[in-house]
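Asker: Sequence lines, in order, name chains G and X.
Residues 1 to 360 in the numbering used here are what the first sequence spells out, letter by letter.
Residues 1 to 657 in the numbering used here are what the second sequence spells out, letter by letter.
Quick reminder that beta carbons are idealized off the backbone N, C-alpha and C, glycines included.
Just so we're clear, the structure is a prediction, and the values are computed from it rather than from any experiment.
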Amino acid sequence: MEMNDGDNEEFGLSRNYFLAKELRGSGKRSHSKLSDIDVVDEQELIAAVSKIEPKHEKEVKELMNSYKSSYPEWAFELRCGLGLLMYGFGSKKALLEDFASTSLTEYSVVVVNGYLPGINIKQVVAALAELLWDQLKSKRKNPGSSSKVQQPFSSRSMDDLLAFLDEERKNECFVCVVIHNIDGPGLRDSETQQILARVASCSHIRMVASIDHVNAPLLWDKKMVHTQFNWCWHHVPTFAPYKIEGMLIPLILAHGNTTQSAKSATIVLQSLTSNAQSVFKVLAEYQLSHSNEEGMPVDNLYASCRERFLVSSQLTLNSHLTEFKDHELVKTKRNSDGQDCLHVPLTNEALEKLIAELSQ
Amino acid sequence: MAHSSASAGDSPPPSSPDTTQNNLQHFFVLHKASEKLTCSGKARKRLDLSPTKLKPEKKEWDERCLRMEAFQLVWSGIDSTIKDVLRNMNARVFNDIHSWVRDSFNTNTIKPFPPPSPIVTHQLFTAFLLTKNMEFVDDFLTFQELGLFLKSHGCHVANLSSSDFSPNNGIAGCLTRLLRQFLMRTFDAADMSILASWYSHQGNYGSPVVVIINDMERCCGPVLSDFILMLSEWIVKIPVILIMGVATTLDAPSNILPSNVLKKLCPCKFTLGSPAERMDAVVEAALVRQCSGFAVGQKVAIFLRNYFLNQDGTLTSFFRALKIACVQHFSTEPLSFMLGQLLAKEDSKSEKVVKGASEILLHARDQMAEQTDIPIAHCLTELKRLQMVWSSIVLCLYEAGKCGKIQLLDLFCETLDPDIYTSLASDNPTGIGESLATSLSSDHCMLEQDLSFRKGQTICQVVRKVRRHTSHSPVKIGKSQSINGKAAILVDCMVRYFMRPIECIQCHEIVCFRNVEKLQSALIGDSRKRIQVDLLEFHKILRCSCCSRSGNIPLSSMPDTSIVYTLAQEHGDLINLHDWFQSFKTIASQPRRKGGCKLKQSPLPKRRKEVNESENKSEASIQARFCRAITELQITGLIRMPSKKRRDSVQRVAFGL
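Structural data, given as structure tokens:
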């Protein structure tokens with residue numbers, strides 16, 4: 001019987017697939033253009049997104065609360081050495097953090113935001129080691145053989161860090177890692193997943209993670225699933241909006257999908273050198289004070305940056321500009337005089353906010 | 001820091017500067033460990049002293065601690081039993097390998113003159129260990145154990161795997177791993193000379209150096225070749241002996257390595273036991289002999305078997321499934337902690353503990369409410385006895401069926417079937433003696449008649465085997481036939497009267513895990529299907545009154561992403577964004593059922609400007625909602641975003657559930 005069910009299911013799948021393909025070939029296919037939609041002004045759209053009224057607020061709240069009764073069970077499973085993998089539609093960020101701060105108080109908890117790009121996994125592992133070290137120190141005065149090696153964790157190799165986390169010790173000290181979106185853009189590559197799997201298998205680590213992508217399980221092979229992560233799956237749909245997880249994803253109706261919000265610009269800028277940030281600030285300040293112009297001519301920018309000792313040659317400035325352009329922080333336009341002008345594709349308010357955040 | 005985290009109930013989360021900051025950070029510390037209650041041995045003592053005076057919270061905490069202790073006791077039993085079984089299965093091969101290592105080492109070193117042939121030709125002694133198993137994951141433990149075994153016999157051992165032979169890191173990568181394992185340090189510039197000097201000093205000289213590679217077929221060929229050539233260059237200074245795991249056949253090395261590298265190997269072959277053999281041994285030790293007292297019900301057993309045969313086929317996955325079953329048993333069954341007590345104290349003291357425990361848990365025992373007068377201690381002794389009897393019979397049947405290639409796993413599932421037991425018991429209201437007499441007088445096996453064809457197939461097969469088993473010596477045929485007949489009747493009686501499945505024994509809840517649905521959902525998360533079902537049938541989860549009776553027609557009250565995804569079902573593999581948005585707009589701008597009347601009344605002439613504004617507003621908000629819904633679908637991976645070539649449509653990824 002089971003085989004039959006499986007066959008039927010498979011048949012249904014392939015049938016659906018071919019039906020879908022057929023639809024594409026037939027004359028039914030629509031040729032309407034995205035540009036036919038009368039899209040409102042982009043800033044208005046962004047503002048409207050932040051003001052979307054939540055639906056079913058009461059039910060979503062009740063649903064979230066209903067999971068509270070499972071917390072002891074989850075904590076038990078975690079303690080027994082299983083990893084918790086939460087899936088189902090809706091943001092699970094608040095749920096996981098609530099679980100961690102109410103039921104996992106006996107562990108130190110580190111939260112990793114996997115939805116952000118560019119996570120440095122080694123820094124995370126070093127932070128875990130640091131926490132474990134603190135915990136061991138507070139438990140007793142002489143935390144074992146490794147106390148002699150006082151090389152800072154941040155400069156140790158990954159192997160050393162993992163060995164430290166996996167070292168057998170008598171006392172039961174755990175550090176719990178909560179990973180939002182373990183399938184997220186910042187953690188999706190196979191090397192990072194291998195490291196996460198090794199982290200999860202360390203004797204002093206417990207892992208709680210969430211996935212949102214339907215194909216997330218393809219990230220792991222049998223070794224990782226059965227022996228390292230040791231996942232125990234939990235279906236916990238929350239229907240909470242993916243506000244934070246979706247914040248860096250461009251809106252589909254926004255023109256060309258290229259304009260960045262101030263938030264993502266801040267994140268990109270913070271990863272650049274302070275000189276590059278200052279150059280960007282010069283440009284932004286000019287744009288704010290000359291809001292009627294097309295932008296800041298490149299020569300002007302070079303002159304002002306040189307005055308402030310931010311760049312020493314046109315070459316350095318160009319390298320900064322290339323960086324900005326790659327991240328779509330800056331665009332070039334030609335003004336009526338034929339000069340190349342630089343401008344930041346953000347509104348004045350967004351720019352002001354950005355400058356304020358950079359100056360902090 | 002804990003206070004700053006968003007509480008689950010509140011959405012949107014309170015946007016204090018702290019949380020927003022945390023949301024944008026790659027990682028942050030939520031809180032540090034607090035010095036709170038931790039489970040320790042004290043819990044049990046407290047329980048003995050004054051079970052009735054405890055506060056309810058404390059009681060719950062103690063109870064959880066007891067269950068945790070019980071789990072740790074039981075699972076460590078199962079874990080070590082399974083590892084022992086596997087170790088014993090490998091013991092013979094390991095011994096063979098060890099003596100081969102010794103022999104190889106001696107030929108390499110003992111005779112300085114004339115130099116023995118392998119050294120002259122720079123050949124490496126190499127053992128190919130055939131694993132007979134395509135699933136490498138099952139053999140990691142084996143190779144680890146092999147390493148430990150050789151270490152305990154005085155060898156220097158390094159365990160490498162295919163990931164150390166990746167094209168990215170090249171030869172330097174595996175050399176670093178090698179040095180790390182032998183010298184326990186990481187070097188910036190890995191060099192063979194470091195290893196050679198390590199071997200010549202510090203009393204390392206004089207013991208064989210063994211390098212184990214788990215899965216040679218998955219290694220990057222060129223890197224492995226370079227590695228072998230390098231080792232053979234250095235063989236005079238450090239005579240390395242190689243052991244490589246091979247999953248397929250002995251052809252594999254010649255497929256991966258070029259002939260000049262193959263010439264450097266002086267090969268030898270060893271073979272491990274097959275996965276099916278190992279599986280039977282594990283089932284016997286962990287579930288039939290019940291090393292730890294933990295048992296599973298019939299449905300769970302069948303699920304475990306199917307999971308092994310159809311889904312994954314690895315012992316490792318079976319092991320994980322068993323662990324999850326065990327965890328779930330102790331986390332959900334209130335009485336399960338008594339299993340730990342039973343194991344911990346065999347003497348009369350356990351009775352006292354049991355008594356105290358049963359008092360504490362009176363409130364939790366709704367399923368046993370009507371049986372409160374039955375002494376639990378007595379139940380447990382009886383349970384233990386009956387389980388022993390059951391296990392002996394299963395092992396008898398297994399032994400008898402071995403020549404018929406009967407798998408223990410199949411037999412195990414069948415002997416746990418409560419239906420077989422109850423049907424046999426109801427057929428024989430008369431006592432054992434009488435029925436034995438009728439069995440003896442009749443020529444055929446009653447059991448085969450009584451058991452319907454579908455139910456006890458494997459058991460019947462065993463009984464038939466016993467009956468028809470003929471001695472090889474022709475003289476004894478007549479005699480052996482009568483003996484076989486008697487043996488068959490004995491089996492018949494054993495099965496009929498003593499093979500009582502765990503689920504038919506009183507108080508089985510304490511030791512037996514039966515919740516197959518729970519196990520299945522924890523083990524196999526079907527994210528692809530479940531996330532789609534969440535979206536399409538969200539009202540079953542949210543249980544709202546407004547959307548439940550819509551069927552497949554999207555309503556404006558539904559969550560936006562559900563509307564958008566429901567609409568997507570009508571499209572082909574490409575979804576035109578414009579059309580999609582228009583249909584979303586039509587639905588989203590439908591008045592909600594409650595507020596519908598108000599909307600119709602409002603357009604009065606003097607308010608036209610306001611209306612226009614609000615229309616504009618609602619247009620923006622509809623577009624925003626559509627964008628958000630698409631973003632959410634993108635996060636779930638259910639659609640692929642427009643490419644530069646096809647800006648006007650997105651691609652569907654999932655077709656059907």
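1. Short of 7 angstroms Cβ to Cβ, which residues in the region 74-104 of chain G face chain X?
2. Distance, Cα to Cα, residue 253 of chain X vs residue 217 of chain X?
3. Give the straight-line distance between the Cα atoms of residue 366 of chain G and residue 66 of chain G, rounded to the nearest whole angstrom.
4. With DSSP as the reference, label residue 235 of chain X as helix, strand or coil.
5. Counting only runs of 4+ residues fully inside the region 287-331 of chain X, write out the alpha helix (DSSP H) ranges in chain order.
6. Looking at chain X, is there any beta carbon in it that lies within less than 8 angstroms of the beta carbon of residue 222 of chain G?
7. How many whole angstroms separate the CB atoms of residue 137 of chain X and residue 222 of chain G, which I take to be in contact at a CB cut-off of 8 angstroms?
8. Residues of chain X with a CB under 9 angstroms from the CB of residue 17 of chain G: which are they?
9. What residues from chain X crowd round residue 214 of chain G, counting only those whose CB sits closer than 8 angstroms?
10. If we count the other Cβ atoms within 10 Å of its Cβ and call it buried at 16 or more, is residue 181 of chain G buried or exposed?
11. State the DSSP-derived secondary structure class of residue 173 of chain X, mapped to helix, strand or coil.
12. By the three-class DSSP mapping on this structure, what secondary structure does residue 107 of chain X have?
13. Is there at least one Cβ from chain X nearer than 8 angstroms to residue 108 of chain G's Cβ?
14. I'd like to know whether the C-beta atoms of residue 212 of chain X and residue 246 of chain X end up nearer to each other than 8 angstroms.
15. Would residue 71 of chain G pass as a contact of residue 632 of chain X if the rule is Cβ separation under 8 angstroms?
16. Below 8 angstroms, how does it come out for the region 458-467 of chain X and the region 394-407 of chain X: are there three or more Cβ pairs, yes or no?
17. Does any residue of chain X bring its CB to less than 8 angstroms from the CB of residue 192 of chain G?
18. Roughly how many whole angstroms lie between the Cα atoms of residue 595 of chain X and residue 46 of chain G?
19. Does the beta carbon of residue 232 of chain G come closer than 8 angstroms to any beta carbon on chain C?
20. Between which two residues does the beta strand (DSSP E) carrying residue 240 of chain X extend?
21. Output the distance between the C-alpha atoms of residue 322 of chain X and residue 511 of chain X, rounded to the nearest integer angstrom.
22. Start and end of the beta strand (DSSP E) containing residue 243 of chain G?
23. What are the boundary residues of the alpha helix (DSSP H) that includes residue 732 of chain X?
24. Just the C-alpha distance for residue 44 of chain X and residue 506 of chain X, rounded to the nearest angstrom, thanks.
25. May I ask you to report which of helix, strand or coil DSSP gives residue 663 of chain X?
26. Residue 200 of chain G: buried (16+ other C-beta within 10 angstroms of its C-beta) or exposed?
27. From residue 573 of chain X to residue 77 of chain G, what does the alpha carbon distance come to, in whole angstroms?
28. Report the rounded CA-to-CA distance for residue 267 of chain X versus residue 413 of chain X, giving the unit in angstroms.
29. Would you give the residue range spanned by the alpha helix (DSSP H) that residue 210 of chain X belongs to?
30. For the candidate residues X:560, X:32, X:77, X:206, whose alpha-carbon lies nearest to that of residue 291 of chain X?
31. Only counting runs of 3 or more residues, tell me where the beta strand (DSSP E) segments fall wholly within the region 120-158 of chain X, in order along the chain.
32. 8 angstroms is my cut-off, CB to CB: does residue 244 of chain G come that close to chain X?
33. Determine, using beta carbons only, whether residue 646 of chain X comes closer than 8 angstroms to chain G.
34. Using the beta-carbon of each residue, which ones in chain G are nearer than 9 angstroms to residue 325 of chain X?
35. Return the residues of the region 335-354 of chain G that lie within a Cβ-Cβ distance of less than 9 angstroms from chain X, sorted by chain order.
36. Per the contact definition of three or more C-beta pairs closer than 8 angstroms, is the region 116-123 of chain G in contact with the region 167-179 of chain G?
Answerer: Straight from the coordinates:
1. 76, 77, 79, 80, 82, 85, 87, 88, 89, 94, 95, 97, 98, 100, 101
2. By 1-based counting over the second sequence, the position of residue 253 of chain X is 253. By 1-based counting over the second sequence, the position of residue 217 of chain X is 217. One C-alpha to the other measures close to 8 angstroms.
3. The structure shown does not extend to residue 366 of chain G, since chain G is modelled only from 1 to 360, so the question has no answer here.
4. On the second sequence, position 235 is the one that residue 235 of chain X refers to. In this structure, residue 235 of chain X counts as coil in the three-state DSSP scheme.
5. 298-306
6. Working through the first sequence from its first residue, we reach residue 222 of chain G at position 222. So yes, residue 222 of chain G belongs to the interface.
7. Taking the second sequence and counting its residues from 1, one reaches residue 137 of chain X at position 137. Taking the first sequence and counting its residues from 1, one reaches residue 222 of chain G at position 222. The Cβ separation is near 4 angstroms, so the contact holds.
8. Translated into positions along the first sequence, residue 17 of chain G becomes position 17. Under the 9 angstroms cutoff, chain X gives 573, 655, 656.
9. Locating residue 214 of chain G in the first sequence gives position 214, where the first residue counts as 1. Per Cβ cutoff of 8 angstroms: 527, 528, 531, 532, 636, 637, 638, 653, 654.
10. Stepping through the first sequence from its first residue, residue 181 of chain G is reached at position 181. Residue 181 of chain G is buried by the Cβ-count criterion.
11. In the second sequence, counting from the first residue as 1, residue 173 of chain X sits at position 173. Helix, per DSSP.
12. For this step, residue 107 of chain X is matched to residue 107 along the second sequence. Reduced to three states, the DSSP call for residue 107 of chain X is helix.
13. As a first step, residue 108 of chain G must be located in the first sequence, where it is residue number 108. Cβ-Cβ to chain X under 8 angstroms: yes for residue 108 of chain G.
14. In the second sequence, counting from the first residue as 1, residue 212 of chain X sits at position 212. In the second sequence, counting from the first residue as 1, residue 246 of chain X sits at position 246. Their beta carbons are not under 8 angstroms apart, which means residue 212 of chain X does not touch residue 246 of chain X by this criterion.
15. In the first sequence, the residue the question calls residue 71 of chain G occupies position 71. In the second sequence, the residue the question calls residue 632 of chain X occupies position 632. In this structure, residue 632 of chain X does not lie closer than 8 angstroms to residue 71 of chain G by Cβ.
16. yes
17. As a first step, residue 192 of chain G must be located in the first sequence, where it is residue number 192. Residue 192 of chain G does not count as touching chain X.
18. For the purposes of this step, residue 595 of chain X is taken as residue 595 along the second sequence, with counting starting at 1. For the purposes of this step, residue 46 of chain G is taken as residue 46 along the first sequence, with counting starting at 1. Note that residue 595 of chain X scores a pLDDT of 39, beneath 50, so its modelled location is shaky; the value from the coordinates is reported in the next line. Roughly 27 angstroms between the two C-alpha positions.
19. The chain labelled as chain C is not found among the protein chains of the depicted structure, namely G and X.
20. Here the question's residue 240 of chain X lines up with position 240 in the second sequence. Where residue 240 of chain X is concerned, the enclosing beta strand (DSSP E) stretches over 240-246.
21. Residue mapping note: residue 322 of chain X aligns to position 322 of the second sequence, counting from 1. Residue mapping note: residue 511 of chain X aligns to position 511 of the second sequence, counting from 1. Roughly 14 angstroms between the two C-alpha positions.
22. As a position in the first sequence, residue 243 of chain G is number 243, starting the count at 1. Note, residue 243 of chain G: premise wrong, no beta strand (DSSP E); not H, not E.
23. The shown model of chain X, from 1 to 657, leaves out residue 732 of chain X, and the question about it has no answer.
24. To locate residue 44 of chain X, count along the second sequence from 1; it is residue 44. To locate residue 506 of chain X, count along the second sequence from 1; it is residue 506. Its pLDDT being 43, under 50, residue 44 of chain X is placed unreliably in this model, and the coordinates cannot settle the point.
25. The question about residue 663 of chain X has no answer, for chain X in this structure spans 1 to 657.
26. Stepping through the first sequence from its first residue, residue 200 of chain G is reached at position 200. Buried: at least 16 other Cβ atoms inside 10 Å.
27. Within the second sequence, numbered from 1, the residue matching residue 573 of chain X stands at position 573. Within the first sequence, numbered from 1, the residue matching residue 77 of chain G stands at position 77. Cα-Cα distance, rounded: 41 angstroms.
28. For the purposes of this step, residue 267 of chain X is identified with residue 267 of the second sequence, where counting begins at 1. For the purposes of this step, residue 413 of chain X is identified with residue 413 of the second sequence, where counting begins at 1. Residue 267 of chain X and residue 413 of chain X: Cα-Cα distance of roughly 43 angstroms.
29. Residue numbering aside, residue 210 of chain X sits at position 210 when the second sequence is read from its first letter. Run containing residue 210 of chain X: none in the alpha helix (DSSP H); it sits in the beta strand (DSSP E), 209-213.
30. Along the second sequence, one-based indexing puts residue 291 of chain X at 291. When only C-alpha atoms are compared, the closest one is X:77.
31. 124-130
32. As a working mapping, residue 244 of chain G is identified with position 244 in the first sequence. So yes, residue 244 of chain G belongs to the interface.
33. Here residue 646 of chain X corresponds to residue number 646 of the second sequence, with the count starting at 1. False, the Cβ-Cβ gap to chain G never drops below 8 angstroms.
34. For the purposes of this step, residue 325 of chain X is identified with residue 325 of the second sequence, where counting begins at 1. Under the 9 angstroms cutoff, chain G gives no residues; its nearest Cβ is about 11 angstroms from residue 325 of chain X.
35. none
36. no
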